[in-house]
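>
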Amino acid sequence: MIEIQLIEKRSRGRPQIRCDDDTKSLIIEAADTQFRENGYAAASINAIAQTAGVSTKTLYRLFPAKADLLSSIISDRINRFFLALDQSTLATMDVRQGLERLLTAYGMLTMSDDTVDMMRLIIAESDRFPEIAKSFYETAIVGSNAVMEKWLTTQVERGLIKLEDPHMASGMLRGMMIMEPQRAAILRQQKTPGIDDIAQRARICADIFLKGCQV
Numbered sequence: 001m002i003e004i005q006l007i008e009k010r011s012r013g014r015p016q017i018r019c020d021d022d023t024k025s026l027i028i029e030a031a032d033t034q035f036r037e038n039g040y041a042a043a044s045i046n047a048i049a050q051t052a053g054v055s056t057k058t059l060y061r062l063f064p065a066k067a068d069l070l071s072s073i074i075s076d077r078i079n080r081f082f083l084a085l086d087q088s089t090l091a092t093m094d095v096r097q098g099l100e101r102l103l104t105a106y107g108m109l110t111m112s113d114d115t116v117d118m119m120r121l122i123i124a125e126s127d128r129f130p131e132i133a134k135s136f137y138e139t140a141i142v143g144s145n146a147v148m149e150k151w152l153t154t155q156v157e158r159g160l161i162k163l164e165d166p167h168m169a170s171g172m173l174r175g176m177m178i179m180e181p182q183r184a185a186i187l188r189q190q191k192t193p194g195i196d197d198i199a200q201r202a203r204i205c206a207d208i209f210l211k212g213c214q215v
């Protein structure tokens, strides 16, 4: 009995070991806050490590450069967009339902307060740090466009819509969905739209788009 109690006492004092994925999540969250509050150049690696509860050595092992942190934040947001789209459910929807679902998820991603803050940061810092603009373009813009283009191509192959260039159509559709409200939010002329406004805009955009290409 005494031996068991001693073992229990010792085990309570052992620190829990976090896996790298959990540690990365904490660092990304801390970096996101630092970047939005202080900008990219002024963001402190030491402060990020302290907030995340890790050493700078651990931080640099997982993220060798500050640009890697920003890239991971962007990737994390894009992954949330992918998770919001249940591909199996999307495949069972008719064209209108699927397009509205796709546009709503895209609107929620691109017109959130966090993304608008990130856009401001990218615009402000891109001249001095072109690598962050490149990372944002390749991960956020090219990545999200590929998802929409793939869906449009599938609808063309199913014979449900008619498009000469799904890639170009995807860019036009994304612009129609977000350009005006996102730009107004970035310039602090309007608040970011809520879910109801985004869903309504998705319905209108889907209606306009499908009138031009539905078979």
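When we follow UniProt numbering, the leftmost residue of the sequence shown carries the number 1, and every step to the right adds one. From the three backbone atoms N, C-alpha and C, an ideal C-beta is built for every residue, glycine too.
(1) What did DSSP end up calling residue 214 once you bin it into helix, strand or coil?
(2) Report the partner residues of residue 73 according to the DSSP bridge assignment.
(3) Give me, in chain order, the residues of the same chain whose beta-carbon lies closer than 7 Å to that of residue 107; leave out the 5 immediate sequence neighbours on both sides.
(4) What does the alpha-carbon distance come out to for the pair residue 117 and residue 34?
(5) Starting from residue 98, trace the alpha helix (DSSP H) in both directions and tell me its first and last residue.
(6) Beta-carbon within less than 7 Å of residue 112's beta-carbon, same chain only, minus the 5 sequence neighbours each way: which residues are those?
(7) Which one or two residues does DSSP pair with residue 161 in a beta bridge?
(8) Have a look at 151, 132 and 208 and flag the residue whose alpha-carbon is nearest the alpha-carbon of residue 90.
(9) Short check: CB of residue 131 to CB of residue 67, under 7 Å?
(10) Give the range of the alpha helix (DSSP H) segment to which residue 59 is assigned.
(11) How many angstroms separate the CA atom of residue 55 from the CA atom of residue 22?
(12) Spatial neighbours of residue 186 within its chain, please: C-beta separation below 7 Å, excluding the five flanking residues on both sides.
(13) Residue 48 to residue 88, Cα distance in whole Å?
(14) Can you name, in chain order, every residue of its own chain whose Cβ lies under 6 Å from the Cβ of residue 29, other than the five neighbours on each side?
(15) Once DSSP output is grouped into helix, strand and coil, what is the label at residue 86?
(16) When burial is assigned at 16 or more other CB atoms within 10 Å of the CB, is residue 188 buried or exposed?
The structure says:
(1) strand
(2) Under DSSP, residue 73 takes part in no beta bridge, so it has no partner.
(3) Once the five neighbours on either side are set aside, the close Cβ partners of residue 107 are 177, 178, 198, 201 and 202.
(4) 12 Å
(5) 95-110
(6) Once the five neighbours on either side are set aside, the close Cβ partners of residue 112 are 192.
(7) 214
(8) The candidate whose alpha carbon is nearest that of residue 90 is 151.
(9) Yes, the pair counts as a contact, with Cβ atoms nearer than the cut-off.
(10) 56-62
(11) 15 Å
(12) 116, 119 and 120
(13) When rounded, the distance between both Cα atoms is 38 Å.
(14) none
(15) coil
(16) exposed
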